[in-house]
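Trainee: Numbering-wise (my numbering), the sequence shown opens with residue 88 and increments by one.
Yeah, the Cβ is synthetic: ideal placement off N, Cα and C, and Gly gets one too.
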Amino acid sequence: MKTVFSLALIALLLGLPLTAETAGEQEAIKQTIISAYQEGLINNGDTEAVLRGFHPGFNLLIKRDNMLEKLPIYNWIQSTEEKVKAGRLPRKDKAEFSFPLVDITNDTAVVKVHFSIANKLIFTDYLLLYRFDDGWKIVAKVYHKHE
């Protein structure tokens, strides 16, 4: 019995650094999404923040009429810059994100994001991220728009 308890304690202690590392990585991922996506693209139109958090190869995948369309990040940035010039950004009603799921496997992550404005759920996003030498980058997005 003592051996089983000792082995369980060792297994628990060995798992703690992994848990702390995972928690740190989850926080880094959330901060990337908040800075680049929530604040950069949606709330403020800060393209420098967008470029720090989105990979240049990013694509937003859109299902429309049973077809799949791709919107590269540079098109999304251009649209955001036009909103800034038109005075539609920064937003008065700020978007808020919550993170029901952050799943990490080594240098790969999937994040489920609830995108709300004025406490109303607008989108559920699924973001894919890779960790590069300079940090986590958003590489793809699919979404559901709530009616």
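Indicate the three-state DSSP secondary structure (helix, strand or coil) for leucine 128 in the structure shown.
Mentor: helix
Trainee: What number of angstroms, rounded off, separates the C-alpha of alanine 196 from the C-alpha of isoleucine 149?
Mentor: 20 Å
Trainee: For histidine 142 and glycine 111, what's the separation of their Cα atoms in angstroms?
Mentor: Distance between the alpha carbons of histidine 142 and glycine 111 is about 21 Å.
Trainee: So who's on the other strand from tryptophan 223, going by DSSP bridges?
Mentor: Arg218
Trainee: Ignoring anything shorter than 3 residues, give me the beta strand (DSSP E) runs that lie fully in the region 141 to 176, in order along the chain.
Mentor: 141 to 151 and 154 to 159
Trainee: Return the CA-CA distance between isoleucine 160 and isoleucine 121, expressed in angstroms with no decimal places.
Mentor: 16 Å
Trainee: Are the CB atoms of valine 229 and tyrosine 213 within a distance shorter than 8 Å?
Mentor: Yes, the Cβ-Cβ distance between tyrosine 213 and valine 229 is below 8 Å.
Trainee: For lysine 172 and threonine 109, what's the separation of their Cα atoms in angstroms?
Mentor: 40 Å
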